[in-house]
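One structure is given here, and the rest of the page talks about it.
Number of protein chains: 2
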Amino acid sequence: MSQTVIQKFQGALTRAARARQNGHRAAVFWLTGLSGSGKSTIAHAVEKKLFDMGKHAFVFDGDNVRHGLCSDLSFSPEHRSENIRRIAETCKLFAESGTICLCAFISPMAADRQRVHAIVGEDFHEIHVSCPVEVCEERDVKGFYKLAREGKIKNYTGVSAPYEAPETPALRLSTAAEPLEQSVARTLEYILACIELAEP
Amino acid sequence: MSQTVIQKFQGALTRAARARQNGHRAAVFWLTGLSGSGKSTIAHAVEKKLFDMGKHAFVFDGDNVRHGLCSDLSFSPEHRSENIRRIAETCKLFAESGTICLCAFISPMAADRQRVHAIVGEDFHEIHVSCPVEVCEERDVKGFYKLAREGKIKNYTGVSAPYEAPETPALRLSTAAEPLEQSVARTLEYILACIELAEP
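Residue numbers (this note's numbering), protein chains in the order written: chain A, 2 to 201; chain B, 2 to 201.
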């Protein structure tokens, strides 16, 4: 096995080749918003629609990351940042492999989201899932707002910890003002425009 | 957005549905062996062949993991284990998304590979890329064996740190005894049998 052979095989597959084969480019769509704003719901609905169109997409959220890749991390500010960093690096690999990444994370700090942007590069798209905390709290899908108000959960985003809303997201959804179907349709439309192949 | 709607959307896409759409199942093929044994070369060659067959595969190796996801880790035994753990968790996500994972890591400790197996589950396949250290050292593609012999690199697997060869790998390649093409062909054949859909 000569070095020539090794170099011939190494890195032979480009992202462009994968995109041509898949019929779409890959990118990272980062949904940020309060707990209960609808991030995961929208991400999963969009994933299903992309799948039905024959496109490769995958949802990243607390459910599949916190129990595995980031199971060693707490919810301290340092560990939250490291959590976001690892997700960003993982999504970068997924995007290289040709998969559209739909990331649903509260990610309350603008600095952390900027770090994701720096890691992922130009394929990063920030989507703000905007919803007043009162509405999120009324939904309280997980029952965490109640516990946070009672002080049984500390540093809960929107209650006892800050949420820094994106100033200029690529897309802003208002899930208290528009029906779910509309948020999903707008997200899908935005994504389809982003992943379209440059040339036929 | 009612809780009913949320539950309806969550987790709607199963691995089986993705496999049907892709025309193949996903799994994790873990190539372990000394530096210079040919792991990365074989992995990239197999990836290209799978790609040419229209299948989704992705190579994980030091090049794309050590600079990103695991850039905060050193080469100490603890950090090597954490490095392997994160790769395993990442591959688990890739496999869930439908991608065939080709992992090329020295991963010298049997315990670390067993941990990968425990994380990934039944989709884990261990492939031993076997090659005598003398042959690897002669190749010395990266020039690291020379530095290790001179003591300029400490704890180098096969020189000054142990390599625990798998006792019962799913597949064993002998890259000093068989030509590269044969190792690639045998690996591909094994993988194709593993990822075949159970039903037409």
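Beta carbons: idealized from backbone N, C-alpha and C, even for Gly.
Looking only at R21(A), E127(A), S175(A) and A18(A), the smallest Cα-Cα distance to F106(A) is reached by E127(A). Neighbours of G69(A) in chain B, taken as residues whose beta carbon is under 8 Å from its own, are E90, K93, L94 and I120 in chain order. For I101(B), the uninterrupted beta strand (DSSP E) segment begins and ends at I101 to A105.
Counting only Cβ-Cβ distances below 8 Å, F52(A) has contacts in chain B at L14, A18, R19 and Q22, in chain order. Within the region 37-64 of chain B, the complete beta strand (DSSP E) runs of at least 3 residues fall at 58-62. Taking 8 Å as the upper bound for CB-CB distance, T158(A) and V130(A) are not in contact here, some 13 Å apart. Taking 9 Å as the cut-off, the beta carbon of S98(A) is found no closer than this to the beta carbon of T15(B).
Between the alpha carbons of V160(B) and R81(B) lies a gap of roughly 17 Å. If you look at H25(B), you'll find it isn't in any beta strand (DSSP E); DSSP assigns it neither H nor E. Taking a C-beta distance under 9 Å as the contact criterion, L74(A) and N84(A) qualify as a contact pair. Here the alpha carbon of F30(B) sits roughly 13 Å from the alpha carbon of L51(B). The DSSP-derived three-state label of I128(A) is strand. The criterion of a C-beta distance shorter than 9 Å is satisfied by C71(A) and I88(A). Of the candidates E79(A), A28(A), R86(A) and K153(A), the residue whose Cα lies closest to the Cα of V60(A) is A28(A). Under DSSP, A162(B) shares a beta bridge with T158(B). Shown here for P170(A): same chain residues with a beta carbon closer than 7 Å to its own, the five before and five after excluded, namely E127, I128 and H129 in chain order. Here DSSP, grouped into helix, strand and coil, assigns L74(A) to coil. A residue is called buried once 16 or more other Cβ atoms fall within 10 Å of its Cβ, and L103(A) is buried on that count. For E83(B), at least one C-beta of chain A is nearer than 9 Å to its own C-beta.
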